[in-house]
Amino acid sequence: MTIQLILFIILALVAVVAALGMLFSKNSVYAALYLVLNFMTVAVFFLLLNAPFIAVAQVTVYAGAIMVLFLFVIMLLGAEQVQHANTLVWQRPLGIVLAGILLTEAIYITLAQRGMVPMDQPLPETFGAPAEIGVDLFTNYLLPFEITSVLLLVAIIGAIVLTKSEKK
Amino acid sequence: MPVPVEYYLGLASILFILGALGVLIRRNSLIIFMSVELMLNAANLAFVSFARHWQQPSGQIFVFFIMTVAAAEVAVGLALIVTIFKSKASIDVDQMSSLKG
Amino acid sequence: MLLSEATSAGGFFNLVPLVVFFPIIGLLLNIILGGRLGEKAIGTIACLASGLAFMVAVLLGISLIGNPEGITVPFLNWIAIGSLQLEWAFQVDTLSVTMMLVVGGVGTLIHIYAVGYMHEDVRHNGDPGRFQRFFVYFNLFIAVMMILVSANNYLMLFVGWEGVGLCSYLLIGFWYEKGKDGIGNAVAGKKAFITNRIGDFGFLIAALLMFKYFQPLAENGVFGFDFETVQELAGLVPAGIIFAITMFMLLGVTGKSAQLPLFVWLPDAMAGPTPVSALIHAATMVTAGVYLVARSYAMYSMVPEAQTWVAVVGGVTALFAATIAVAQFDIKKVLAYSTISQLGFMVAAVGMGAFVAGMFHLVIHAFFKALLFLSAGSVIQGLERGYHQVEHDPMLARKMKHGHQFDPQDMRNMGGLRTRMKTTFWVYLIGAVALAGIFPLAGFWSKDEILAEALHLQPVVYWLLTSAAFFTAFYMGRQILMVFFGQPRSEPAANAQESPAVMTIPLIVLAGVSLLGGALNLPGLHTFTTWLEHTINLEEVGTAVTSVLTKIGLAVAPVKGSMAEGAAEGGFNLTVALLSTGLALGAIALAYYFYYHRVRAMQALPTVRRTDDPLRAVLGPVFTLLENKYYIDELYGAIIIKPYTAIASFLADKVEWVFWHDFFHDKVLSGAFHSLTWLLSKPIDTNVIDGFANGLAEGTQELAALVRRIQSGYVRNYALSMFVGVILIIGYIILRGI
Numbered sequence: 001m002t003i004q005l006i007l008f009i010i011l012a013l014v015a016v017v018a019a020l021g022m023l024f025s026k027n028s029v030y031a032a033l034y035l036v037l038n039f040m041t042v043a044v045f046f047l048l049l050n051a052p053f054i055a056v057a058q059v060t061v062y063a064g065a066i067m068v069l070f071l072f073v074i075m076l077l078g079a080e081q082v083q084h085a086n087t088l089v090w091q092r093p094l095g096i097v098l099a100g101i102l103l104t105e106a107i108y109i110t111l112a113q114r115g116m117v118p119m120d121q122p123l124p125e126t127f128g129a130p131a132e133i134g135v136d137l138f139t140n141y142l143l144p145f146e147i148t149s150v151l152l153l154v155a156i157i158g159a160i161v162l163t164k165s166e167k168k
Numbered sequence: 001m002p003v004p005v006e007y008y009l010g011l012a013s014i015l016f017i018l019g020a021l022g023v024l025i026r027r028n029s030l031i032i033f034m035s036v037e038l039m040l041n042a043a044n045l046a047f048v049s050f051a052r053h054w055q056q057p058s059g060q061i062f063v064f065f066i067m068t069v070a071a072a073e074v075a076v077g078l079a080l081i082v083t084i085f086k087s088k089a090s091i092d093v094d095q096m097s098s099l100k101g
Numbered sequence: 001m002l003l004s005e006a007t008s009a010g011g012f013f014n015l016v017p018l019v020v021f022f023p024i025i026g027l028l029l030n031i032i033l034g035g036r037l038g039e040k041a042i043g044t045i046a047c048l049a050s051g052l053a054f055m056v057a058v059l060l061g062i063s064l065i066g067n068p069e070g071i072t073v074p075f076l077n078w079i080a081i082g083s084l085q086l087e088w089a090f091q092v093d094t095l096s097v098t099m100m101l102v103v104g105g106v107g108t109l110i111h112i113y114a115v116g117y118m119h120e121d122v123r124h125n126g127d128p129g130r131f132q133r134f135f136v137y138f139n140l141f142i143a144v145m146m147i148l149v150s151a152n153n154y155l156m157l158f159v160g161w162e163g164v165g166l167c168s169y170l171l172i173g174f175w176y177e178k179g180k181d182g183i184g185n186a187v188a189g190k191k192a193f194i195t196n197r198i199g200d201f202g203f204l205i206a207a208l209l210m211f212k213y214f215q216p217l218a219e220n221g222v223f224g225f226d227f228e229t230v231q232e233l234a235g236l237v238p239a240g241i242i243f244a245i246t247m248f249m250l251l252g253v254t255g256k257s258a259q260l261p262l263f264v265w266l267p268d269a270m271a272g273p274t275p276v277s278a279l280i281h282a283a284t285m286v287t288a289g290v291y292l293v294a295r296s297y298a299m300y301s302m303v304p305e306a307q308t309w310v311a312v313v314g315g316v317t318a319l320f321a322a323t324i325a326v327a328q329f330d331i332k333k334v335l336a337y338s339t340i341s342q343l344g345f346m347v348a349a350v351g352m353g354a355f356v357a358g359m360f361h362l363v364i365h366a367f368f369k370a371l372l373f374l375s376a377g378s379v380i381q382g383l384e385r386g387y388h389q390v391e392h393d394p395m396l397a398r399k400m401k402h403g404h405q406f407d408p409q410d411m412r413n414m415g416g417l418r419t420r421m422k423t424t425f426w427v428y429l430i431g432a433v434a435l436a437g438i439f440p441l442a443g444f445w446s447k448d449e450i451l452a453e454a455l456h457l458q459p460v461v462y463w464l465l466t467s468a469a470f471f472t473a474f475y476m477g478r479q480i481l482m483v484f485f486g487q488p489r490s491e492p493a494a495n496a497q498e499s500p501a502v503m504t505i506p507l508i509v510l511a512g513v514s515l516l517g518g519a520l521n522l523p524g525l526h527t528f529t530t531w532l533e534h535t536i537n538l539e540e541v542g543t544a545v546t547s548v549l550t551k552i553g554l555a556v557a558p559v560k561g562s563m564a565e566g567a568a569e570g571g572f573n574l575t576v577a578l579l580s581t582g583l584a585l586g587a588i589a590l591a592y593y594f595y596y597h598r599v600r601a602m603q604a605l606p607t608v609r610r611t612d613d614p615l616r617a618v619l620g621p622v623f624t625l626l627e628n629k630y631y632i633d634e635l636y637g638a639i640i641i642k643p644y645t646a647i648a649s650f651l652a653d654k655v656e657w658v659f660w661h662d663f664f665h666d667k668v669l670s671g672a673f674h675s676l677t678w679l680l681s682k683p684i685d686t687n688v689i690d691g692f693a694n695g696l697a698e699g700t701q702e703l704a705a706l707v708r709r710i711q712s713g714y715v716r717n718y719a720l721s722m723f724v725g726v727i728l729i730i731g732y733i734i735l736r737g738i
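Residue numbers (the numbering used here), protein chains in the order written: chain F, 1 to 168; chain B, 1 to 101; chain Y, 1 to 738.
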């Protein structure tokens with residue numbers, strides 16, 4: 001029972017509860033905030049996993065940009081409580097059942113892993129360091145990088161086009 | 001001794017399932033979208049834990065890309081939701097069943 | 001020099017197909033070109049065709065003088081079926097050439113006469129197309145008759161036999177739109193054809209019997225005429241069969257030559273134009289039966305019973321017809337019955353075995369009967385000319401009784417034509433005297449020969465024939481007196497005119513032959529006998545008959561060669577001759593008494609008490625019986641025709657129409673068919689097949705409706721299905737073994 005394990009368990013609980021909160025929250029803003037909490041927790045996990053760059057990127061991009069966007073839209077749309085006629089009555093129970101099944105399967109897969117032997121040598125110090133990530137990114141993964149930039153461009157254009165109001 | 005990778009995987013799978021459950025259960029399209037982000041996040045977690053386990057930085061690179069893509073996707077998706085809201089005055093996905101056969 | 005060349009071997013025999021082909025070419029020319037050429041051209045072509053055929057026959061005759069045995073000229077291979085090999089070959093021997101000469105000679109003269117006759121006919125009755133049609137048929141007749149007489153075997157003869165029957169039908173019904181009720185002539189033609197058919201049926205049976213019994217025995221010559229071959233074949237066959245063959249042939253003879261019981265067509269055949277009656281029904285076609293018996297002498301001489309039958313049939317017919325002729329008023333009907341009677345003479349002669357006498361009478365009869373018919377035609381036309389004149393003259397027309405129904409052929413409308421139609425009168429007189437058999441005209445010699453033979457061979461027949469001869473002379477005298485003597489009994493008769501030369505010249509020629517024809521076979525000279533002997537070997541016949549007769553114990557004393565003897569004598573028996581001449585003169589005297597004196601007495605009576613015929617006053621009901629021909633036609637109608645038509649109607653109406661058609665066809669077949677189709681359509685097609693097809697569609701629709709529910713439109717459902725898929729895949733991977 002190292003400190004890492006205890007930390008892990010606590011953080012794991014927080015993450016799961018935050019997720020559940022997001023799921024079952026009636027208020028959309030609360031749900032968004034729960035999700036932010038979840039993201040933060042996951043960022044801490046990243047730190048624990050020797051991925052500092054990613055952790056920061058998570059905070060910045062996910063929690064900072066994406067969730068802000070979400071909140072903007074929630075507030076724009078009035079964040080009403082949508083409870084009209086209850087269609088698809090059996091969707092809920094069925095969903096929960098199926099989720100249960102999948103959980104069972106996941107647990108089974110996780111526990112059945114016997115060959116997951118960790119590596120012998122310890123992790124290098126610079127593992128996950130921004131410099132290393134950068135080097136990797138611009139040498140081995142240059143093409144995806146550039147394509148990603150194009151993708152972002154497309155997204156920008158798309159967003160603008162979609163929300164442009166028609167000229168009367 | 002670091003946390004075994006199986007724990008992280010289990011956590012990632014639980015988060016993923018919760019995200020999937022959210023997509024299935026909730027009717028608010030924004031919540032559904034957020035659940036999708038949660039799923040992506042769970043996948044990121046899995047990737048990073050594996051990167052640490054196999055001592056391969058390419059896992060983290062992939063996460064980087066996933067994040068980028070998720071960002072782009074959120075931008076466009078939210079724009080879509082706003083547009084739909086403009087025409088339907090509702091963000092309930094059950095209201096958007098005009099493809100009903 | 002040419003003659004000697006001709007009479008040497010070979011000669012003109014090879015010309016014999018031309019006797020058939022000249023008339024055929026003539027008729028083809030007339031069919032194809034006749035419409036465009038005029039009457040004169042058609043007539044010339046036809047007469048030339050016939051005349052050329054006659055020339056060829058003359059040349060053949062000349063050739064035969066040098067080679068009396070005759071020759072067979074093969075023409076083509078006609079039938080080759082299995083073991084039956086028949087040739088189409090022309091038989092040139094004295095018998096066939098005799099017939100050819102008669103047909104050609106009389107035929108050509110009648111052709112010339114017919115040119116004038118048909119011209120008058122077209123002039124009086126319109127329709128110029130008739131002229132062409134007539135001569136086409138006429139030439140066809142000559143062609144077919146030549147085939148008949150030049151035939152080498154029974155089948156070829158049958159072809160000609162049928163052909164002359166056809167021509168007879170065509171020509172009897174020539175004026176097909178005239179006659180009783182507008183179809184009378186056509187009905188007469190039909191009657192002739194059908195009655196002939198019954199005779200042909202007999203002929204066919206005889207031919208089939210010959211085929212059945214002779215064929216296994218001989219390769220060729222199964223239908224041939226050759227005396228030795230036939231006798232040899234016949235000897236191997238049971239006698240009953242030969243009797244059957246000859247009797248069936250007799251049936252054919254009675255049909256074609258108008259004997260009892262199939263003579264009924266000949267009087268009705270007078271509906272045809274007079275040249276037709278002259279040529280076909282007096283001179284040539286009706287003699288085909290006699291010719292057939294003469295040709296079949298080989299078989300007939302083997303069966304004396306058949307010979308007796310033939311002779312008796314001939315004799316009875318002769319007497320029967322002669323009695324009817326006494327009471328007839330139509331000039332042509334008298335001649336028709338006279339023909340039947342004379343044919344009876346001929347048939348009796350050849351039946352008895354007196355072939356030469358029979359053939360001699362055939363030749364002579366052809367001439368004077370043709371003469372009589374043609375003269376009768378001349379008389380009729382003279383009356384028609386008189387009628388025309390009367391019609392157009394109002395003063396005369398008033399004097400005429402029963403104006404529009406004037407019958408130019410009724411002798412009661414004639415009288416006193418002696419002064420108005422002189423040429424016709426003289427030739428008619430010659431013909432009549434010849435027919436009556438008065439010395440020294442031709443008829444006397446031929447008839448006498450027959451009577452003499454009859455006395456020898458079949459005495460019963462002799463008495464029949466003698467009685468017939470008596471009546472013959474009587475009715476001819478009656479006819480002459482009614483037509484030519486006394487006062488004209490009607491206006492047209494008073495205004496009758498003589499016929500043109502184209503008609504009278506052939507008459508004069510024929511009259512000459514009737515006068516002098518006796519020279520053919522004068523007793524002592526026997527030219528004809530020796531001529532025919534080459535074909536009908538009388539010695540052999542005599543021997544054969546002798547053997548048969550001795551076998552059945554009928555040996556009459558000087559039977560050996562009696563036939564040959566009799567023939568050699570020319571059958572001249574002074575007693576017979578005197579008796580027959582006396583009877584003839586007596587009959588003429590009787591006729592004179594009735595129709596000259598009695599008629600004058602009758603004219604003095606008031607009109608009411610006048611009978612149309614002086615004889616009726618004497619005989620009364622017997623006369624009516626004779627006038628109605630013993631009601632034979634009515635008898636046949638009641639016994640044969642009525643039941644037959646009743647059965648035919650029954651079969652046609654009831655069986656065929658009502659049963660088969662209405663019931664069976666409409667109800668059973670149609671009904672079954674409709675039920676079947678109903679069955680197929682309603683339950684099977686509509687329910688099963690349609691059900692299947694529709695069910696398929698409906699099932700698809702229902703399935704689609706079912707499956708459609710997946711497309712709920714709800715995104716969450718789609719997500720759920722994806723989720724389910726993920727679970728399943730992961731489950732599968734787990735189960736497969738990680």
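We treat Cβ as the ideally placed atom computed from N, Cα and C, and that holds for glycine.
Would you identify the three-state DSSP class for residue i, choosing helix, strand or coil?
i, result
"F/E132", "helix"
"B/A51", "helix"
"F/G122", "Per the sequence shown, the amino acid found at residue 122 of chain F is Pro instead of Gly. DSSP places F/P122 in coil when its eight states are reduced to three."
"Y/N153", "strand"
"F/T2", "coil"
"Y/F90", "strand"
"Y/F263", "coil"
"B/I17", "helix"
"F/T87", "coil"
"Y/P500", "coil"
"Y/L613", "In the sequence under discussion, the amino acid at residue 613 of chain Y is Asp, which differs from the Leu named in the question. In the structure shown, Y/D613 sits in coil (DSSP, three-state: anything other than H, G, I, E or B)."
Pop quiz: residue i and residue j are said to be a contact at Cβ under 8 angstroms. What is the actual Cβ separation, rounded to whole angstroms?
i, j, result
"B/L40", "F/F70", "In fact, because the Cβ distance is near 14 angstroms, the residues do not count as touching under 8 angstroms."
"F/A19", "F/N38", "5 angstroms"
"Y/I280", "Y/F141", "6 angstroms"
Below 7 angstroms CB to CB, which residues in the same chain sit around residue i once its five sequence neighbours on both sides are set aside?
i, result
"Y/V502", "I112, V115 and G116"
Quick one: what's got a C-beta closer than 8 angstroms to residue i's C-beta in the same chain, skipping five residues either side?
i, result
"Y/A239", "M302 and V303"
"Y/F243", "V303, E305 and A306"
Tell me which residues share the same chain as residue i and place their Cβ nearer than 6 angstroms to its Cβ, disregarding the 5 neighbours each side in the sequence.
i, result
"Y/F54", "G104, G105 and T108"
"Y/L166", "none"
"Y/Y337", "A321, I324 and A325"
Would you say residue i reaches chain B, if we count a Cβ-Cβ gap shorter than 8 angstroms as a contact?
i, result
"F/Y30", "no"
"Y/L720", "yes"
Check whether chain Y comes within 8 angstroms of residue i, counting only Cβ atoms and requiring the distance to be less than that.
i, result
"B/L40", "no"
Using a Cβ-Cβ distance cut-off of 8 angstroms, determine whether residue i contacts chain F.
i, result
"Y/Y714", "yes"
"Y/V707", "no"
Would you mind telling me which residues of chain A sit closer than 7 angstroms to residue i, beta carbon to beta carbon, in chain order?
i, result
"Y/G731", "In the structure shown, chain A cannot be found, because the protein chains are F, B and Y."
| task | Take every Cβ of the stretch 46-55 of chain B, pair it with every Cβ of the stretch 5-21 of chain B, and state whether three or more of those distances are shorter than 8 angstroms. | result | yes
| Quick one: any contact between the stretch 189-199 of chain Y and the stretch 136-152 of chain Y, if contact means 3 or more CB pairs under 8 angstroms? | no
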